[in-house]
Each structure stands twice: as C-alpha cells, then as structure tokens.
Amino acid sequence: MDELAKCERVEMPRIPAPFWPEGEEKAREWLETDEKVRKLRSMGAWSDLNDRIAGFSPYFRSVEHSAQIKGSLLTRREKAFKEGRINLLSCSTTMEMGVDIGGLSAVAMNNVPPHPANFLQRAGRAGRRGETSALSFTLCKSTPQGEAVFNNPLWAFTTALSVPQVALQSGRIIQRHVNALSLTQFLVQNTNDEVFKLNCGWFFNTDEAEMRSSPSLRFQEWCREGMAESQLKQNVDWLCHGSSLAGIPADQLLTESAMAMERLAGLWKEEYSALEANLEEVKTRQGNSRPEKAIRMQLERLEKEYLLAELATRGFLPGYGFPTGVVSLLTSTMETIGRNTTQQREDNRVLSRGSPSRPIAQALRDYAPGTDTTLDGRVYRSAGVTLNWHLPAAIEGGQEIQALRWVWRCHECGGTGTRPYRPEQCPHCGENDPEKLSRNEYLEPAGFAVDIRDKTHGNVNTQQYLPVRDPLISVQGAVWMSLPNPTLGHYRSTGNGHIFHRSDGLHGLGYSLCLRCGRSESLGYDGNHPRTMDGHKRLRGGRDNDREQHCPGVTTHP
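The sequence shown begins at 45 in the working numbering and counts up one residue at a time.
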C-alpha cells in the first residue's frame, strides 16, 4: 500500500516561447519531440488537455443564458461575453427578446423555430456589428417541421409573414384588460409609489400598523361599491366596444374584476398562511435553524414578488403571450441557504419568486417528483410538492383535504372531467361499469421542491426522467364533421373542451404523497407503497434544526 501511495517528483517542461510566435507547426513539433513531455505522457501525467494549454489552442468557454438563471448572474455573463471572456452562450428562446450581447460570429439552433419570424430573429443576430464573416446553421430533427425545412432551406425567406390580428371574441382576454384598466386607476388614486416596483406583500397583507385593510381588499370594495369615476366607466365601455363584452354595463364588469381579485387574493393568502404555519411548526428558540431560514426565504420571496408579474401569471392581468398558471421548483438546500441572494431582473418572467418555474402543464413533466432538472450545470432532483394548506394534526386521512379531487374518464362516450368527489357514474352518458369508467384521485400542486438535505451534482449523463402521459381531452357535445374527403377521417371541435394534464409516476400507477410535508415518490411497479416513504423526514426540514427523526405526516396515493 505504501508503494501505491508513493508520490514521484517530476520536472515540468518549459515552453520555448510564449504564444508561439513561429506558428502552430512549431508548437506541434515541440509537443511531439520534447523529452520531458514524452516522459510525462508515458507516465500518464500529460494529457491532450496539457497539449491544448501548452499549444495555446483556441477554446470555448461556455455558459448558460436562459430565464432560469438569476438576473444578476445573467447581467455578469452578458458583460463577460461582450468583453470576450466568455465566447459561447447556450441560450433559450428568450434571446429573441432583444437582449444586447454584442457582436456574434455564429448562431446555431438545435431545432427549427416554429415560425419564419422566429428564425429570422435568431439567425439575424449573427453579423450585426460589422463582423467580417457570420454563420447561422440549424439542426433539422426528424419531425414534420424539421423535415419540411430541410427539404426547403429557403422556407424562412420565401414564406409570407402574416399580419398579426387582434381578436375581440374572447371575453376572458377582454375582461383582463378591464381588470388592468380598473387596477391602474385604483393605484393612481391610492399610492404615490412607482407601480412597477410594487410588491405582493404590500398589496395583499393587511397594514396592521395603520389599522387599514389591505390594498387588494380596498380595490375589491372600490370596484363593487361604484367608487370608480364616471370617466373610468366610459373608458370601460370604449374598451369593450366591438368585443364580445360590448353592451355589458361597466358596473357589472368592475364587479367581475372584484370577484377575480377576491379569488386571487384568497389563493395568495392561503399560501402565505401555510408558510407561516410551517414556520411556527419548525420554530426553535434561537430562531436561526436552516429549516426556519428556508421557510423565511420563501415568505420573503412571496412578499417581495413584483405585484404586476404575479397578477399576470395568475391570469388577472393580460399576459401578452407569457404563460399563466406558473408553478416553481424550490431548489434551495442546506448547502445554499444563507448565501447572498439578489433581486431578479424585472424582465425575467420565467423565474418566479427567485426559483425556476414552468407553466403547470410543462412542470408536471419537468418537475414531477423523481425527475432530474439541470440548472446552470447542476442537477436537482424533485422530491415532492409544495402544499398550499396547513394540515391539522388531528386529520388522519386525506378525505378532508379540499385540494384532493377526482378525475374521471369514460371509455364508452370519451368524456372526461374532474369532481371534488368520486363519481359513481359517467356524468355524460351514465356509464358505471368499472371496466369502462376509470376514476383517479389527484392533487393540483402549488409547486415542487427538492429535498432540503439534497446535494446537487454535475453529472448530466445519468439523469432520471418520468414517462410523459398524453393529456385527457374531451369535446363532449361537439358534432362530428367529415373531412372534405370523408375516407380520410372526421373531426369535431368546441370552444368549451376539457384538457387534463397529468403525471402518474415512474410506473404509471401514481404517487405516494405525504400530506404533512409534501414529500412524494412513485408507487412501485406492483402498485405498492414505496418503503422509502416509511419514517421519512420532512421534505423542507424538520423541528429542532432538523433533528426531528420522522415527519409526523400521513400519506395517500393520488
């Protein structure tokens, strides 16, 4: 063993001249003939990496540039790229949004953009700053879109770009603009602060110091009790002119705004109260345990989230193409809690409350418990869901939890839907045969989280993914229509369809879920409860600075 552990002193070679002024050929000749290099190579102490360093070879220094990265870090990376200290950026589609990163010599796309305008926007970034040469190339995958573009490389240059149209048939979208108009007027009258800097804590929480109700509650009263000025009502009428909401009295539309705000404020307060209850549950005398810090960090982010961003994400304000129904993946762990955090950039709509986020339909695929997610070169494994309720200790089962619902699918009529209770028969056709009517309990998660004790790693080659399930789609009541050539098939459509996105675990049999802490794991291939859930520790940290042995929660199998 001593011989195996023995170190040998070696003499490193010295490069004849810095930067090889006589050219690359001289560098290659030296690397092949120098005796010290040859000896080290035979010992395994000189690799191709040493060759590249000694030969001063060109290199790529690459970093990720996407909306999943915190704003302060993005700004530093953009500055380093402009200065040449970084020369390769791996970007998401947010690079289309006009971020200035200086001159580019090449743009590579790993798939065909969905629209010619997207392609031209991305490809056009190369060669804008007077570069002597510029290149853009695209990988065409084996998809209908990819193969069509591969066969027609001039697709983006010959396809006519359609003029965008404004459709006024959607009452939901028009109502969101009414919400925006009324909220703007209310904020102008009730605050002197810059609207874009307002946060959720100010808007939703009660001001106990001044003994005043929260601005969100005052806004609801303002809309319902006719406090709005007559000019605003005229503007509402003008806004709805020619739309599906034309002719509806402004007072009724303002009442709809109040009702929408009431629902949204209730959801926000539920999440805030649940975090406060969780904080109280893991509270220590010193008040500085890591579980406490983790929850306080969530509370702070919830309070400091930009108000307008939250209202748009929740569907109260117009989203202008940005996704709604967004949920986050909490990635803070014991080893990261306490590090300096900075406020995200105002233009970053993919980070929610300081955490990476996705529309819930996509999050069910990317963040479902058991999946691995790579963020800036580090791999995080989702270990459960964040719960937006506080489970009383007296509850011994999941039947009383209102967030648990039932989804049903009728194989007789093709109908599907959700109910707060287990349906005994198909609500559409009355079918009650268990072989033809499938019913499953489910939970709509408020978000996802990694285990607070988890240690991230950089091995992106062994990531775990869960099978993607097709959504349940129902257009019940729509009439079947034949295609122009009936032999090719038929179709039906409706404006009131139902799409249910889902994830049912690694084996397609569902999950085991702790209703106390949110920890969740896929049921076994035989449908049995996973043993790792027995005696588990709280997902986001336990009592007594995480010295608590077991989570006191109960589990269910939605």
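Cβ atoms here follow ideal geometry from the backbone N, Cα and C, with glycine treated the same way. Given the structure is predicted, the values throughout are model-derived calculations rather than measurements.
- In the DSSP assignment, Pro400 falls within the unbroken beta strand (DSSP E) covering 399-403.
- A Cβ-Cβ contact shorter than 8 Å links Gly428 with Gly562.
- Going by DSSP, Val107 is part of the beta strand (DSSP E) stretching over 106-109.
- Here the alpha carbon of Val151 sits roughly 15 Å from the alpha carbon of Ala200.
- Apart from the 5 residues on each side of it in sequence, His455 sits with its Cβ closer than 6 Å to the Cβ of Lys480 in its chain, given in chain order.
- Distance from the CA of Ser556 to the CA of Trp452, rounded to the nearest whole angstrom, comes to 20 Å.
- For the set Phe492, Leu559, Met577, the Cα lying nearest the Cα of Ser547 is the one of Phe492.
- For Asp416, the enclosing beta strand (DSSP E) has its first and last residue at 416-419.
- According to the DSSP assignment, Met153 belongs to no alpha helix (DSSP H) but to the beta strand (DSSP E) extending over 150-153.
- Sequence-distant partners of Asn243 (beyond 5 residues in either direction) whose C-beta falls short of 8 Å from its own C-beta, in its chain, are Glu347, Lys348, Glu349, Tyr350, Leu351.
- At a Cβ-Cβ threshold of 8 Å, Val232 and Gly190 do not count as neighbours.
- Ranking Arg307, Thr235, Ser288 by CA distance to the CA of Gln264 puts Arg307 first.
- The region 172-180 and the region 201-219 do not touch, with fewer than three beta-carbon pairs separated by less than 8 Å.
- Close CB contacts of Tyr465 within its chain, under the 8 Å cut and outside five residues either way in sequence, are with Trp450 (chain order).
- For Ala61, the three-state secondary structure derived from DSSP is coil.
- The three-state secondary structure of Thr299, taken from DSSP, is helix.
- In this structure, Thr415 sits away from Pro489, with a CB-CB distance that is not shorter than 8 Å.
- With the rule of 3 Cβ pairs closer than 8 Å, the region 277-294 counts as touching the region 218-235.
- A direct Cα-to-Cα measurement between Ser333 and Val54 gives close to 49 Å.
- In the displayed model, Phe360 falls within coil according to three-state DSSP, outside both helix and strand.
- For Leu289, same chain residues with a beta-carbon under 8 Å away, outside a window of 5 residues either side, are Gly215, Ile218, Gln219, Val222, Leu297 in chain order.
- Counting along the chain, Leu227 sits inside the alpha helix (DSSP H) bounded by residues 215-234.
- One alpha carbon belongs to Gly245, the other to Val519, and they sit about 40 Å apart.
- Put simply, the backbone Cα of Ser258 is about 6 Å away from that of Phe248.
- Distance check between Trp64 and each of Ser101, Met56, Arg82 places Ser101 closest, using alpha-carbon atoms only.
- Contact annotation: Ile339 and Leu319 have beta-carbon atoms nearer than 8 Å.
- Residue pairing by DSSP places Ile517 opposite Ile543 in a beta bridge.
- With a 10 Å radius around the Cβ and a threshold of 16 neighbouring Cβ atoms, Asp477 comes out exposed.
- Ile130 sits away from Asp420, with the two beta carbons spaced by 8 Å or more.
- In this structure Cys51 is exposed. Its beta-carbon is surrounded by fewer than 16 other beta-carbon atoms within 10 angstroms.
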